[in-house]
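S.K.: Sharing a structure, written as structure tokens. Questions coming.
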Amino acid sequence: MSEYDLIPTPALITAPTGRFGKSDGAPEISLIACPETVLLQIITASGRDKEDKAVLDALESFGSFELRNAGPGQWFALSDAVPKTLDLTAVETALASIADVVDQSSGRIRIAIEGRPVRDLLSKGIPIDLHTNEFTVGETATTLCGHLNVHLTRTATNRYEIIVLRSYALTLWESLIEMGLEYGIDSKLQD
Amino acid sequence: MASIIHCPHCGNRPREEFTVRGSADVTRPAPGADEDAWFDYVYLRDNPIGRVREYWHHSSGCRRWLIVERNNTDHAVYQVTDAAIGEDRS
Amino acid sequence: MTAYRLKSGGLIDRDKPLSFTIDGIPLKGFAGDTLASALLANDKLVMGRSFKYHRPRGVLTAGAAEPNALVTLGHDGRTEPNCRATMVELHDGLDAVSQNRWPSLRFDIGAVNSLLSPLLGAGFYYKTFMWPAAFWEKIYEPLIRRAAGLGRASHEADPDRYEKRWAHCDLLIVGAGPTGLAAAITAGRAGARVIIADEHTQPGGSMLSETLEINGIPAAAFADGLISELRSMENVTILPRTTVFGWYDDRMFGAVEQVQKHLADPDPNKPVERLWRIAARRCIVAAGSEERPLVFGGNDRPGVMTASAVRTYANRFGVAPGKKVALFGNNASVYRTARDLEKHGIDVAAIIDSRPDAFAYDGKARVISGAEVIATDGSQRLKRLTVRHGNTDDETINVDALGMSGGWSPTVSLVCQRGDKPVWSDAHAAFLPPPARDGMVTGGSAAGIWTLSGCLQDGTNQAMDAVSDLGFKPKPPEFGTVEDDPAPAITPLWYVAGSKGKAFVDFQNDVHAEDLGLAVKEGYGNVEHTKRYTTTGMATDQGKLSNVNAIGILSEVRGASPPEIGTTTYRPFYTPVSFGALAGAHRGKHFQPTRLSPLHAWAHKQGAEFVDVGQWYRSAWFPKAGETHWRQSVDREVLAVRNRVGICDVSTLGKIEITGSDAAAFLNRIYCNGFAKLPVGKARYGLMLREDGFVYDDGTTSRLGENRFFMTTTTALAAGVLSHLEFCQQVLWPDMDVRFTTQTDQWAQIAIAGPYARDVLERVVDDGISNDAFPFMAAGAVTLAGGQVHARLFRISFSGELAYELAVPATYGGAVADLLMDVGKEFGITPYGTEAMGVMRIEKGHVTHAEINGTVVPDDLRMGRMVSQKKDDFIGRAMLKRDGLTDPNRPKLVGLMPIDIADTFKNGSHILNKGDAPSMAADQGYVTSTCFSPTLGHGIGLALVKRGTERYGEDIIVWDALRDTQTRAVISAPVFVDPANEKLHV
Amino acid sequence: MFNKACHYGYLIIRDDFMRYSALSIFLNALRGNKDWTPVWRTPEPKKHYDVIIAGGGGHGLATAYYLAKEFGVRNIGVLEKSYIGSGNVGRNTTIIRSNYLLEGNEPFYEFSLKLWEGLEQDFNFNAMVSQRGVINLFHTDGQRDAAVRRGNAMRLHGVDAELLDQAALREMLPFMDYDNARFPIMGGLLQPRGGTVRHDAVAWGFARGADSFGVDIIQNCEMTGVRREGDRIVGVETPRGYISCDKLALCAAGHSSVVAEMAGLKLPIESHVLQAFVSEGLKPFIDTVVTFGAGHFYVSQSDKGGLVFGGDIDGYNSYARRGNLATVEHVIEAGVAMIPALSRIKVLRSWGGIMDMSMDGSPIIDKAPLENLYVNAGWCYGGFKATPASGYCYAHLIARDAPHPVATLLRLDRFRRGYLVDERGAGAQPNLH
Ligand SMILES: Cc1cc2nc3c(=O)[nH]c(=O)nc-3n(C[C@H](O)[C@H](O)[C@H](O)COP(=O)(O)OP(=O)(O)OC[C@H]3O[C@@H](n4cnc5c(N)ncnc54)[C@H](O)[C@@H]3O)c2cc1C
Ligand SMILES: NC(=O)c1ccc[n+]([C@@H]2O[C@H](COP(=O)([O-])OP(=O)(O)OC[C@H]3O[C@@H](n4cnc5c(N)ncnc54)[C@H](O)[C@@H]3O)[C@@H](O)[C@H]2O)c1
Ligand SMILES: Cc1cc2nc3c(=O)[nH]c(=O)nc-3n(C[C@H](O)[C@H](O)[C@H](O)COP(=O)(O)O)c2cc1C
Ligand SMILES: [Zn+2]
């Protein structure tokens, strides 16, 4: 049976890449399709917000996870390190007393965007106040980008990651390029 | 107000992120309640002028159902609470 | 030649000449000109034609309120009608076309309307054009429509880009005149996040036209200094060419920025306009004030404009509006204009001041006090004025321009947009802004402060208050000594009695003083009625110049005070905003997001034709070489499934993971049928009702573990059902321990259907899936291809064949579909699309939203017996018992077959009893779904027919009047293939 | 000289009534238009009226007009809290049509369309009834099927309906997006007899007509309370005093719940704000009324040249007659998606009106479960086209205490009994209709 190799297809495999927009000078924005690694949705019983520590502890034995809050008592737990063969049932069991776990590794796509004018660019779609003192490094928000629902994390001073439903990833990608034309934008798929 | 709703979980968010269902002043009757009670619940609304409570879903945010207490003439918002968790947690 | 360019002065750059055309005539202007100033400099006085009487009109203002000088710019898809020449920045190659005239601006046939004007008074059309009735659409209306309207719009798509953006700030300042700039400096220095927007090309407001000095520096230069300082502040954003058009709830503002419409050569990487949605914690409206025209006979003759416009053209643009200019006012502000004109060497023939006590004017011009202009003369341009003195004879004065000032109206539009009414002030003879509210204040001349020093001071004070309130520690800036004009003491003059000729109030809409009188006489004296009856204030300038005059005249006619008359309602948009800006990038293909299945690329590779289903693209059918009609492909696909095996992408179905210790109990209340006892490893078809008892959605839900379910919904209601579940849990039953996660995007879901479905799957699935091991309605986790992929398998069937749905993580969707195709080759596996799926479900009588249309109950769909009689509660239970929902006359789902099998019929047809004449009362129901059944070899359909279940075998008429067909058909049970469901269990 | 005209063949009570005719306009013009008299009087409220109509909108005025003209009731007071026409009749997008699906609605709206067709001659006022055609676009098979079902329902009732394919649409409306659209236009359902009517003129024409029969139209007179003795209404409170009546007819559109509450009645209605818009004046651009099927947008062009358009309600309960920027953008995005050439056209003004959104999206014309209280409500955003029929049927009900034959299914008890008239199948959530 294993004469077949089932090769995953990244959601953005057909996305336009390369340089777009302003052509003089270096592009000021880079757009990166992050690798599709492990991404779990963790939900505690309704609205218990303060248990991220417990969740992290419970996840520890499976590898190092980063938790991104996605609503009261909800997180995306992601990890570039944990192998995709992770035994979900074991995770479920480990978290059973705290939260439910649902695999979203395929369902949600991560796109990184960075550069000096990144906030200016994002404000073309994202309604929340992105001022550097208002939405600080490490903060997250579930919000809109244009007509799309997105989950936003500020991962560094001028770098943000957007998690979007897989089916919308290409639309988001293309609209981010459009928003970035005036700054010059370089887009690539990271492997 | 109607442009910006302060979600108790997410902070200030624009109206686009929410879906409105309707009056929060009706309570689903107990299963065995008589037909009148059900009819009232499903169909009749006070629809007063002034202060109202409504169910708003933060559908493009935390996906919590909120009770937005507001004035329907000047659109001032008095209070926004999580429908399930109530005021104490917001 | 009367109007001309001054040799020096102004903020134009005489070293940068620009070429432009109007109606094809080439002209020259300079950088810094507006189209209006450049036209004026070229002595092109007539810039437009009025709406009703087609009178020649010149420019009246130098700003946003311009009612007359409207032109069309651009070509093809860039054609933009009704551009205010006063706000159009001149650029090289600008090409303007005049409007509302035929054949030409100078000679306009429509001007005969002027002669008919006694018949065309206010509201004339309400009294006439009624005879005969049939003439309205054919004759009168087309005539009126052709004569009315302003510019002509293009039919072509706009090729340019637009975008939107959000902004947040502590303080938004609307208007960058002295007030706004003082406020911005104060707040900016204190560290607040400030946005200051001004609709003009350059910030500075009236200071750009001002000759007064601040600290010894001319106002325009002083403004420049403030602006450079603001530019250097990181916390301040200056938005020139940006109009704040609306104040919405909270302090949400809409603004539109002209990014590139003023450029000859726009950069394709940038939008031409940008919509700003500004959430401000505080706002100061420093929008200035409008100078009002005076209402006297012939006040619309080209060459007549407001005194401040005269001043702006001279001071800012270096244009003399005439060689010999007169001024006519009821307040002091005309004297400053006179002084500036004289400084430029322009002859001021007279200052006509309606007030009896002359102002001490220190210039050369003759001051005629206690006098009024009652008429003007000149064809296509002003030649002469008739001035009426108190008692002496009328005097004629030859002039080629007249500046008029009827007083100043604070620009209160924005602050009144949320329903507050402005407040009348006798001292100002104007309406002042309503009291501050909700963090929104007005400052400077917009609040009735007329002096420059007062405006600077007020801007400072308002900003001090606003940002202190937010916790900043502002200090007032020092501006030094400020030169001032005396405040313009005013004596209202609403209408010059004894005027000869029409005295216009609303220039664009051709409303003159007599129209207002007529409206009152006919009972339309309420200011809102007057507006609607005469159309005063309804033109593109929204009464910026005319409303207060109209109110003044109404107050005289009705014998009431202006506040008793009151204002009409202020509303967005402060000035008109393009559809383009408000749509932003959401246009064309980007109107709505596109949603792609994880199998999209796979389907594409298989040659799929796609169809829109909500935001999704779904594969509809897969044409093969030689197939020229979609039906050929669909028939082939159906037969392949019925006889062999097919695969279909069903990933777009909504999928929701439901977890928690009360998950089963919860589902039991959500579905009308039982779910509590569904065993682990089983799927069940469920019907969800709304609380009013009607069917909401259907789908299968599988129990994957004690506390874990996997629900599928229809594609259309995926989002709706999730919200519904969340509502039920969070609002109705918050104590239930259950949670929901959308899984729609996580799984690629593939239907494998047909007699060989199991054979194909067995080659892919590691686990045993024999009929015993994995019977009909089994559901569970499996692995594929030697444990490479964790998947979920469901033995459910929409086609009526032996069928499975296989869910694999989306990223593996393409690979697994390829694998299935590969191992299925020997069984003749065929990809099939939504069309074939639709055919097979109709053959089986399965319902979709064609039947679940929001007005059916389970029994209508022959699912009445599914409704649990045991459960004491589920959504919809109580209301389902009502008479109307249990009425035996309700339409019931049936099958339909043409009596002549060569016949077909279509969806949306109605059903009539044989022999009945068509009428609503005779209506028996309607056809919901139809198809050609390749299995049966003829057309079939599903319908909802009154008492249908009792009528199997009955011969009826399928009536499709829209397509002019009537077909005889017979009612049957709605299952055409394998009614005993034997195929499902093999 | 124009006095005492005996138009309609009925006696006109007012002796200074001026009938409009080509001659009267010409003669008046010759005399400098000095002789026109008020189109309606400004009477003091009487102590008693046989019928009080609460609400001087289109429906209230039409009811008064038909009560007086067709049913012989003359002692009528119409109470209007503001100026007449200040409500939805004066702020709607003027579309008239009778392209309904259900038996409860179609005959009623067709009756209305027929009344529109003769209205101007009837009340001697040009309301600019313009039967320029109404088109509803469809973009998918499912939408087409729904349109066909509706069109066939219309034809069952003998009403004009035509199915247009894309080619026919291209001919009529060449500027729509057929080739680059996100949701390509497939075709449309046309009702040729649908069209537009000048909104204000409807209020004014009915007011003038009613007044000519002696109906008192009392502006700036809000009904603030209802006096009830047991199951009987005896009169109403107003800031201008108590006024007694034999019958009270509620007709307050967006404020229906508020006035019903005064009489102790709760309605299946929520009030919502709907925005409308007008563009700057343009030369003739669009000659019909068109509704987009892939977004919330519909448009027609006023005779003045403005594109009059609208979309969906803002979605939340509101009595404020102004809307939200989010909705503005939502509507206009759909507009540009449908007609890309709109992009360079400018929007002049937006406003809002309060919709009495009912629980099934259809109206109510019925007697309340009280002896002499009548309810006319639930018009959602479609009550303008209903104005004449609503007035006529309501007058019939008030005068005869029996529903007019075309309004027998628009009863209040249909919600309780489950005989809903739900065109959209959206269920008991008003903001979805
Ligand atoms: C933006 C918009 C667009 C629309 N477009 C269309 C369309 O294209 N086609 C269509 O058919 N319909 C349309 N409608 C709906 C239509 O306008 C209404 O359904 C209809 O006008 C309602 O009836 P009416 O004219 O009697 O209402 P209104 O004119 O609102 O009359 C009700 C009157 O009652 C008065 N009132 C309220 N309370 C009291 C009180 N206590 N005492 C005294 N008076 C009171 C109000 O002031 C008001 O004048 C639209 C509505 C809006 C707001
Ligand atoms: N002498 C008089 O009779 C008299 C009368 C009135 C004003 N004035 C003088 O005029 C000056 C007024 O100063 P000010 O600061 O109040 O007003 P201003 O006119 O100098 O500035 C207001 C600015 O706001 C802009 N604006 C208005 N609405 C806008 C909007 N919605 N969006 C963007 N921009 C908008 C205007 O185009 C203008 O540039 C003072 O110097 C005063 O002395 C004199
Ligand atoms: C069909 C229609 C056409 C309109 N055309 C115009 C117009 O050309 N100019 C204008 O200023 N307002 C126009 N309006 C809007 C009115 O000015 C006004 O805003 C609306 O009737 C609501 O009243 P309000 O704003 O006083 O509340 C129009 C309204 C309607 C219903
Ligand atoms: Zn939230």
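Chains as they are written, first to last, in this note's numbering: chain A, 2 to 192; chain B, 366 to 455; chain C, 26 to 1011; chain D, -16 to 416.
All residues carry an ideal CB built from backbone N, CA and C; glycine is no exception.
Because the structure is a prediction, the values reported are computed rather than measured.
#1: Which chain C residues sit within Cβ distance under 7 Å of V407/B?
#2: Could you give the first and the last residue of the continuous alpha helix (DSSP H) run that contains Y338/C?
#3: Using a Cβ-Cβ cutoff of less than 8 Å, which residues in the same chain neighbour A1019/C once the five nearest sequence positions on both sides are dropped?
#4: In the DSSP assignment, what residue or residues form a beta bridge with I376/C?
#5: Could you tell me whether the segment 990 to 997 of chain C touches the segment 793 to 811 of chain C, using the rule of 3 or more Cβ pairs below 8 Å?
#6: Kindly provide the chain-ordered list of residues whose Cβ lies closer than 6 Å to any non-hydrogen atom of ligand 4.
#7: Hey, could you find the ends of the alpha helix (DSSP H) R120/A is sitting in?
#8: In the DSSP output, what is K350/D paired with across the bridge?
#9: For R454/B and L495/C, what's the separation of their Cα atoms in angstroms?
#10: First and last residue of the alpha helix (DSSP H) that includes L139/D?
#11: Starting from Q42/A, find everything on chain C with Cβ-Cβ shorter than 8 Å and list it in chain order.
#12: Using a Cβ cut-off of 8 Å (strictly closer), state whether P291/C contacts chain A.
#13: Does I169/C come out as helix, strand or coil in the three-state DSSP assignment?
#14: Run down chain C in chain order and give the residues with a C-beta less than 7 Å from the C-beta of H440/B.
#15: Quick one: which chain D residues come within Cβ less than 8 Å of G387/B?
#16: Are the C-beta atoms of M922/C and some chain B residue less than 8 Å apart?
#17: Quick check on this structure: which residue in I8/D, A232/D, R383/D, G374/D has the alpha carbon closest to the alpha carbon of N107/D?
#18: To which residues of the same chain is K527/C closer than 6 Å at the C-beta, ignoring the five residues directly before and after it?
#19: Where R399/D and F136/A are concerned, what is the direct C-alpha to C-alpha distance, given to the nearest angstrom?
#20: Please check if any C-beta of chain A sits within less than 8 Å of the C-beta of W191/C.
#21: Comparing the C-beta of H422/B with each C-beta of chain C, is any distance below 8 Å?
#22: Given the structure, does W10/C come close to ligand 2, in the sense that its CB is under 7 Å from one of the ligand's heavy atoms?
#23: Can you grab the Cα-Cα spacing for the pair Y(-9)/D / A360/D, in whole Å?
#24: Evaluate Y(-7)/D with the Cβ neighbour count: other Cβ atoms within 10 Å of its Cβ, from every protein chain shown; 16 or more gives buried, anything less gives exposed.
#25: Pull the bridge partners of N300/D from the DSSP assignment, please.
#26: I want to see whether chain A comes within less than 8 Å of Q991/C, judged by CB atoms only; does it?
#27: Just reading off the beta strand (DSSP E) that D104/A is part of, what are its end residues?
#28: Secondary structure at P923/C, three-state DSSP: helix, strand or coil?
#29: In this structure, what does DSSP give as the bridge partners for G779/C?
#30: Can we say the segment 386 to 401 of chain C touches the segment 360 to 369 of chain C, given the rule of at least three CB pairs closer than 8 Å?
#31: Determine, for V492/C, whether the minimum Cβ-Cβ distance to residues of chain A falls below 8 Å.
M.R.: Checking against the coordinates, here is how it stands:
#1: For the purposes of this step, residue 407/B is identified with residue 42 of the second sequence, where counting begins at 1. E716, D717, M904, listed in chain order.
#2: Position 313 of the third sequence, counted from the first residue, corresponds to residue 338/C. Start and end: 332 to 340.
#3: Nothing about residue 1019/C can be read from this structure; chain C reaches only from 26 to 1011.
#4: Position 351 of the third sequence, counted from the start, is the residue given in the question as residue 376/C. Answer by DSSP bridge pairing, in chain order: L352/C, V392/C.
#5: No, because fewer than three Cβ pairs between the segment 990 to 997 of chain C and the segment 793 to 811 of chain C fall closer than 8 Å, the two stretches do not touch.
#6: Here the list is C372/B, H374/B, C375/B, H423/B, G426/B, C427/B, R429/B.
#7: If you number the first sequence from 1, residue 120/A lands on position 119. R120/A: member of the alpha helix (DSSP H) spanning 119 to 123, first to last residue.
#8: In the fourth sequence, counting from the first residue as 1, residue 350/D sits at position 367. Note: K350/D sits in a beta bridge opposite Y357/D.
#9: For the purposes of this step, residue 454/B is taken as the residue at position 89 of the second sequence. For the purposes of this step, residue 495/C is taken as the residue at position 470 of the third sequence. Residue placement at R454/B is poorly supported in this model, since its pLDDT is 43, which falls under 50; the coordinates still yield a value, given next. When rounded, the distance between both Cα atoms is 26 Å.
#10: As a first step, residue 139/D must be located in the fourth sequence, where it is residue number 156. Element bounds for L139/D: 124 to 139.
#11: Counting from one through the first sequence, the residue named residue 42/A turns up at place 41. Within 8 Å Cβ-Cβ: T766.
#12: On the third sequence, position 266 is the one that residue 291/C refers to. So no, P291/C is outside the interface.
#13: Locating residue 169/C in the third sequence gives position 144, counting from the first residue. Looking at I169/C - three-state DSSP - the assignment turns out to be helix.
#14: As a first step, residue 440/B must be located in the second sequence, where it is residue number 75. The answer, in chain order, is D274.
#15: Along the second sequence, one-based indexing puts residue 387/B at 22. Here the neighbours are E253, N300, Q412, P413, N414.
#16: Looking up residue 922/C in the third sequence gives position 897. Interface annotation, M922/C: not in contact with chain B, CB-CB separation never under 8 Å.
#17: Counting from 1 along the fourth sequence, the entry for residue 107/D is found at position 124. N107/D has its Cα closest to that of I8/D, out of I8/D, A232/D, R383/D, G374/D.
#18: As a first step, residue 527/C must be located in the third sequence, where it is residue number 502. Excluding residues within five positions, the ones whose Cβ falls inside 6 Å are H537.
#19: Residue 399/D sits at position 416 when you count from the first residue of the fourth sequence. Residue 136/A sits at position 135 when you count from the first residue of the first sequence. Rounded to whole angstroms, R399/D to F136/A spans 51 Å at the Cα level.
#20: What you label residue 191/C is simply residue 166 of the third sequence in a count that begins at 1. Under the Cβ distance rule, W191/C counts among the residues neighbouring chain A, one pair being separated by less than 8 Å.
#21: Numbered from 1 along the second sequence, position 57 holds the residue referred to as residue 422/B. Cβ-Cβ to chain C under 8 Å: yes for H422/B.
#22: The structure shown does not extend to residue 10/C, since chain C spans only 26 to 1011, so no value can be given for it.
#23: Counting from one through the fourth sequence, the residue named residue -9/D turns up at place 8. Counting from one through the fourth sequence, the residue named residue 360/D turns up at place 377. Confidence at Y(-9)/D is low in this model, with a pLDDT of 40, below 50, so the placement of that residue is unreliable and no value is reported for it.
#24: One-based indexing of the fourth sequence puts residue -7/D at position 10. Only weak support is given to the placement of Y(-7)/D: the predicted model assigns it a pLDDT of 48, under 50, and the value that follows is read from those uncertain coordinates. Result: exposed.
#25: As a position in the fourth sequence, residue 300/D is number 317, starting the count at 1. DSSP lists H255/D as partners of N300/D.
#26: The residue labelled residue 991/C in the question sits at position 966 within the third sequence. Closer than 8 Å to the CB of Q991/C there is not a single CB belonging to chain A.
#27: For the purposes of this step, residue 104/A is taken as residue 103 along the first sequence, with counting starting at 1. For D104/A, the enclosing beta strand (DSSP E) starts and ends at 100 to 104.
#28: Numbered from its first residue, the third sequence carries residue 923/C at position 898. In this structure, P923/C counts as strand in the three-state DSSP scheme.
#29: Position 754 of the third sequence, counting from 1, holds the residue named residue 779/C. For G779/C, DSSP records no beta bridge to any residue.
#30: Because the criterion of three Cβ pairs below 8 Å is met, the segment 386 to 401 of chain C and the segment 360 to 369 of chain C touch.
#31: The residue labelled residue 492/C in the question sits at position 467 within the third sequence. Look at V492/C: its C-beta is not under 8 Å from any C-beta on chain A.
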